[in-house]
Structure formats: C-alpha cells, structure tokens
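Please read the structure below before turning to the comments.
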Amino acid sequence: MTIGLSELENGIRVVTEAIPGSRSVAVGIMVGTGPRDENDRQAGLAHLVEHVLFHGTSTRSSGDISRIIDTMGGRVSAFTGRDYTCFSGFVMDDHRTYILDLFSDMLLNSIFPEEKLITEKQVIINEQQMAADQPGEQALTTLKSVMWPDHPLGCKIEGGPESIAPLSREDIIYHLHTCYLPDRMIIAFAGNLEHEDIVAQVRDCFWRLTGRSVRQIPAEAPFCSGFVRQGYNGNQAYFSVGVKAPPYSWPDRYAIHLLNTALGGGMSSRLYRSLREERGLVYDVHSEYHAYIDGGALIISGSCRPDGVFTVVDEVLDISRSLLTAAEPLDEEELWQVKLYNIGQYHVDSEDPFVRMSRLLTQTFYFGRVVPPEEIVRGLETATTASLAAVGRDYFQNWSDKVAACVVGPEPT
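For the sequence shown, full-length UniProt numbering begins at 1 and goes up steadily by one.
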C-alpha cells in the first residue's frame, strides 16, 4: 500500500494509492457541500447543481461530455450525500489525464443553459416519483425525517417540487461560488499511477480555483424518537427502525461496526436467524450503520406480511435492545464470527480500485488522513466481548429515547 497525500497551494487535497500492475484508475472528486448549505427555500439545490454540471461548458456541449465518457470506455457517476457531493470515474490508466481534464472543465467552466436547467428539474421530479414508488426507500426517507426533524440529516436531499421549481441559474452559480471552494475539495486516485504526476496534473487543472470557505463543523444532531405509519397499496409492509448511533469519526467506531454486524449484518446475525430462519416472519432483514459528521443511526430494514408487521417491529426492537444495551451481550463465538466477517469483507472489497479510491476520499474527509489497513484490522481484532458490552451499556442507555420507526404498507386485514 503506497499512499500519497498532498495539499496544493490553493487548499485542494490530493490523495493517491498506487496499485502496481493495474490497468485501471479510479478517480473521485469530493466537495464538502450538500443540504447543510441550503435554507428551506433552496432545498434540493446541491443535488440540482450535481445534475446540471454534466450539461455543457464553455468549450464542450453536453453531447461532447457524453461522447468523451463513452470513448474512454469507463464509467462516470455522481451523487449528493448529506455531508458531501461526489463525482467519480473508473477508466483505463491511459485515460486518467482526460477524465481529470473533463471533471475540471465541468466544475470550473459549466454554463448552465436555461433549457437544460428546466430539463434537469423534470428529471429530478421523475427521480422523486420513482423513489415514492419504492416503499422500502420511502420508509427509510421518512424514518430519517422522524429521527432528525428540521435538520439536514433528516431532509430530502433532492428537495421537493415546490422547492426545486423556483431555483434559478443564479442560485446555482451562487452555490458554486460559495461552496465549490478548494479547501472543501479532495481529489483521489487509485490505480496505476505516480503520486507526484497526479499532483502536477491536478495543479494544472485547478490552479485558478481560489477562495476559502466559512463552513464550520456542526454540533451533534439532536435525535428524536417516534413512530410513523404510511399507507401503501401493496402485498408487503416495509419497515425501517432507527437506533441512535455515534458520528462517523467516533473513537469506538469499530465496536459499533461489530455490533451492527452481529445485529443484522449477515445470515448469522441475530435478526436474520430469529426472524427468518427460526420463525419465517420475513424474507429479508438487515442492519446498516449510517454515519455522518454530526450524527448516526443503526437502521434495520425489511419487509413482511402486513398483518405481521407490528409483531416484527416489536421483535426488531427487542432483539436490538437486548444486544446493544448488553442485556444479552455477544458471546465469544459470535464475536469471532463478526470479526472474521468484517475483516474478510474489508480485504475482499480492497481488491476493487474503485472501493480503494472511495476510502481515500471518505477517510481524508472525516479524519484528515488515510487510515492504514493494519490499523483498521487491529481495531476490529482487539475488540472483546467485555469491551463491546461496555460500549453498549454506555452509549445505548436510555433506550426509549434512542429509537424511532416507520412502517409503509397496506392496512392489516
């Protein structure tokens, strides 16, 4: 593992991982902006900006951008998260200069034609309507609004039709000038490369980007308990249960990852064994750790027959409480299994250059450094049943104040 991390004169951080023998390169540009930089009137602005950046620059039309992407034979994507916006690509190593040039042109020289802005607003509305037709996604979105009401962690990243419609070209340009600043930007490469070559290329592409942001790290987001039920005409009821969890960079984060795996991270997890294998109440149930700068949650999701959904949700809450509060802590065999699972997943995922690039971005964003693999493995391996129980008893006390749930589905018959 050969890691390079440099900061350019204008504040952009460049982080690379050389993978000898690879014929591909993964590149990502992370900008520390998202819903946190919006007011209620602007809800969905950061997401709209991410969309319209693909629609033409002063020297390239949207068709030109599409043809360049296709000609490189790779894949390019973008997404808006709650803490950041990310643009990424995966191409042959011969094309790394071209994709960096393309991304810099999009970020620095986009012209935002009015007709493309109108089109992309309609695309986003279609995206919202598609999500509304996915009850599992609807349950998750609603759950976050229950856990973090009136807060960026709980808002709809894409906004709504009423906030998207009035957004103007001037709003987009203002957002770029105030948020797409070099000290908010991290550029990562993983693959066949030399660090100093990449630094020089990034400097050549982004030298004229200047300015400093005034964004401050927010205090921990307040968590609200509660329950919401929404109707949906289907054959299954979908549920999402949230348990308050620590932010991304919490010191005992490895304990949370291990507890999450034991709870609902695989076929050996307590939820899967109890609700599917032993009782047949669900087809699928799983838990994920959603972590951000200022908050987090363990989110358990699944679906079941409508007439059994409240039984299932009660069981999810009981199993989660007994494990997380250490009323029924992990035994040695369970801990051994979840350690092997997490360490194995980490190493298997590391075979993918795109995953390695993504880690460079997220670790640099949240920790200001790249965390060595041996440190991650050591953090997992050194956990004990006693240390996990201590973390659980300390963090998950006052259980009733730390849980929320949402059910989406038809009325039970």
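Quick reminder that beta carbons are idealized off the backbone N, C-alpha and C, glycines included.
Item checked: Separation of G264 from F239, as counted between CA atoms -> For the purposes of this step, residue 239 is identified with residue 239 of the sequence shown, where counting begins at 1. For the purposes of this step, residue 264 is identified with residue 264 of the sequence shown, where counting begins at 1. So the two alpha carbons sit approximately 14 Å from each other.
Item checked: 7 Å CB neighbourhood of L330 in its chain, flanking five on each side removed -> Working through the sequence shown from its first residue, we reach residue 330 at position 330. Cβ neighbours of L330 beyond the five flanking positions: A262, T385 and L388.
Check: Is it right to say N126 is buried, meaning 16 or more other beta carbons lie within 10 angstroms of its own, or is it exposed?
Finding: On the sequence shown, residue 126 is found 126 positions in, with the first residue counted as 1. N126 should be labelled exposed.
Notebook entry, point to check: How would you write the range of the beta strand (DSSP E) that A18 sits in, first residue to last?
Noted result: Along the sequence shown, one-based indexing puts residue 18 at 18. Its beta strand (DSSP E) spans residues R13 to A18.
Check: So the alpha helix (DSSP H) L298 belongs to, where does it begin and stop?
Finding: Numbered from its first residue, the sequence shown carries residue 298 at position 298. Taken as a continuous stretch (DSSP letters only), L298 belongs to no alpha helix (DSSP H), being part of the beta strand (DSSP E) at G296 to C304.
Item checked: Where A165 falls, given that 16 or more other Cβ within 10 Å makes a residue buried -> Taking the sequence shown and counting its residues from 1, one reaches residue 165 at position 165. The residue in question, A165, is exposed, as its Cβ has fewer than 16 Cβ neighbours within 10 Å.
Check: Are there three or more Cβ pairs, one per stretch, closer than 8 Å when the stretch 147 to 158 is compared with the stretch 283 to 301?
Finding: Verdict: yes, contact present.
Item checked: Extent of the continuous alpha helix (DSSP H) to which M130 belongs -> Taking the first residue of the sequence shown as 1, we reach residue 130 at position 130. Unbroken alpha helix (DSSP H) run through M130: E114 to A132.
Notebook entry, point to check: Which residues does DSSP pair with F90 in a beta bridge?
Noted result: For the purposes of this step, residue 90 is taken as the residue at position 90 of the sequence shown. Its beta-bridge partners are A26 and R75.
Notebook entry, point to check: Can we say the stretch 62 to 79 touches the stretch 91 to 102, given the rule of at least three CB pairs closer than 8 Å?
Noted result: The answer is yes - the stretch 91 to 102 touches the stretch 62 to 79, with three or more Cβ pairs under 8 Å.
Notebook entry, point to check: Does DSSP put C155 in a helix, in a strand, or in coil?
Noted result: As a first step, residue 155 is located in the sequence shown; it is residue number 155 there, counting from the start. Note: C155 maps to coil in three-state DSSP.
Note to self: Quick check on DSSP: helix, strand or coil for G32?
What the structure shows: On the sequence shown, residue 32 is found 32 positions in, with the first residue counted as 1. Of the three classes helix, strand and coil, the one that applies to G32 here is coil, per DSSP.
Checklist line | Straight-line Cα distance separating R208 from K116 | finding: For the purposes of this step, residue 116 is taken as residue 116 along the sequence shown, with counting starting at 1. For the purposes of this step, residue 208 is taken as residue 208 along the sequence shown, with counting starting at 1. If I take the Cα positions, the gap works out to 26 Å.
Next item on the list: Have a look at L108, G34, Y272 and G73 and flag the residue whose alpha-carbon is nearest the alpha-carbon of R60.
Entry: Reading the sequence shown from its first residue, position 60 is the one you call residue 60. Nearest C-alpha to R60: L108.
Check: Per DSSP, what kind of secondary structure is I376 in: helix, strand or coil?
Finding: Stepping through the sequence shown from its first residue, residue 376 is reached at position 376. Looking at I376 - three-state DSSP - the assignment turns out to be helix.
Checklist line | Distance CB(R273)-CB(E17) smaller than 9 Å | finding: Counting from 1 along the sequence shown, the entry for residue 273 is found at position 273. Counting from 1 along the sequence shown, the entry for residue 17 is found at position 17. No, Cβ-Cβ distance for R273 and E17 is not below 9 Å.
Check: Count the other CB atoms within 10 Å of the CB of F341; is the residue buried (16 or more) or exposed (fewer)?
Finding: Indexing the sequence shown from 1 puts residue 341 at position 341. The amino acid occupying residue 341 in the given sequence is Tyr; Phe does not appear at that position. Looking at its Cβ environment, which holds 16 or more other Cβ atoms inside 10 Å, Y341 is buried.
Next item on the list: State the DSSP-derived secondary structure class of M185, mapped to helix, strand or coil.
Entry: Translated into the one-based positions of the sequence shown, residue 185 becomes position 185. Judged by DSSP in its simplified three-state form, M185 adopts strand.
Check: For the stretch 355 to 411, which segments carrying the beta strand (DSSP E) assignment without a break, of at least 3 residues, lie completely within its bounds, in sequence order?
Finding: List check, beta strand (DSSP E) in window: 403 to 409.
Note to self: Tell me the DSSP secondary structure of V214 in three-state form.
What the structure shows: The count along the sequence shown starts at 1 and reaches residue 214 at position 214. In the structure shown, V214 sits in coil (DSSP, three-state: anything other than H, G, I, E or B).
Notebook entry, point to check: If you drop the 5 nearest sequence neighbours on each side, which residues of the same chain put their C-beta closer than 8 Å to that of F365?
Noted result: Position 365 of the sequence shown, counted from the start, is the residue given in the question as residue 365. Closer than 8 Å at Cβ, skipping near neighbours: M30, G32, D83, Y84 and I186.
Notebook entry, point to check: Which term fits Q122, buried or exposed, when burial requires 16 or more other beta carbons within 10 angstroms of its beta carbon?
Noted result: Walking along the sequence shown from the start, residue 122 turns up at place 122. By the C-beta density criterion, Q122 is exposed, having fewer than 16 other C-beta atoms within 10 angstroms.
Item checked: DSSP beta-bridge partners of H290 -> Residue numbering aside, residue 290 sits at position 290 when the sequence shown is read from its first letter. Beta-bridge pairing links H290 to A297.
Margin query: I'd like to confirm something about G265: is its beta-carbon nearer than 8 Å to some heavy atom of the ligand NAD, or not?
Written below: In terms of ligand content, the structure shown is empty, and the ligand NAD therefore cannot be addressed.
Item checked: Nearest neighbour of D252, chosen from K402, A43, T57 and A390 [CA to CA] -> Indexing the sequence shown from 1 puts residue 252 at position 252. Nearest C-alpha to D252: A390.
Next item on the list: Note down, in chain order, each residue of its chain lying with its Cβ closer than 6 Å to the Cβ of H47, except the 5 sequence neighbours on either side.
Entry: Within the sequence shown, the letter at position 47 stands for residue 47. Counting only Cβ-Cβ distances below 6 Å, and skipping sequence neighbours, we find T80, I157 and E158.
Next item on the list: Determine, using beta carbons only, whether I299 and V338 come nearer to each other than 9 Å.
Entry: Start at 1 with the first residue of the sequence shown, and residue 299 comes out as number 299. Start at 1 with the first residue of the sequence shown, and residue 338 comes out as number 338. No Cβ-Cβ contact shorter than 9 Å links I299 with V338.
Notebook entry, point to check: What are the residues that DSSP puts in a beta bridge with I3?
Noted result: Here residue 3 is taken as the residue at index 3 of the sequence shown, counted from 1. E17, per the DSSP bridge assignment.
Next item on the list: To the nearest angstrom, report how far apart L281 and F367 are at their CA atoms.
Entry: If you number the sequence shown from 1, residue 281 lands on position 281. If you number the sequence shown from 1, residue 367 lands on position 367. Approximately 41 Å, taken between the alpha carbons.
Check: What does S240 pair with, by DSSP beta-bridge criteria?
Finding: Looking up residue 240 in the sequence shown gives position 240. Beta-bridge analysis with DSSP links S240 to S301 and C406.
Next item on the list: Determine the contact status of V49 and H175, defining contact as a CB-CB distance below 9 Å.
Entry: Translated into the one-based positions of the sequence shown, residue 49 becomes position 49. Translated into the one-based positions of the sequence shown, residue 175 becomes position 175. Yes, Cβ-Cβ distance for V49 and H175 is below 9 Å.
Next item on the list: Leaving out five residues on either side along the sequence, give the residues of the same chain with a beta carbon under 8 Å from the beta carbon of E137.
Entry: Within the sequence shown, residue 137 is the residue found at index 137, counting from 1. Same-chain partners within the cutoff: A131.
Next item on the list: Using the Cα positions of D105 and G28, report the straight-line distance between them to the nearest angstrom.
Entry: The residue given as residue 105 occupies position 105 in the sequence shown. The residue given as residue 28 occupies position 28 in the sequence shown. Cα to Cα, the separation comes out at about 15 Å.
Check: In its own chain, which residues sit with a C-beta less than 8 Å from the C-beta of R36, not counting the 5 before and 5 after it?
Finding: Taking the sequence shown and counting its residues from 1, one reaches residue 36 at position 36. The answer, listed in chain order, is R82, D83, P152, R215 and P218.
Check: Does the beta-carbon distance from L323 to W399 come in below 9 Å?
Finding: By 1-based counting over the sequence shown, the position of residue 323 is 323. By 1-based counting over the sequence shown, the position of residue 399 is 399. No. Outside cutoff.
Margin query: Taking only three categories from DSSP, how would you classify residue 438?
Written below: The requested residue 438 does not occur in the structure, where the chain is confined to residues 1 to 413.
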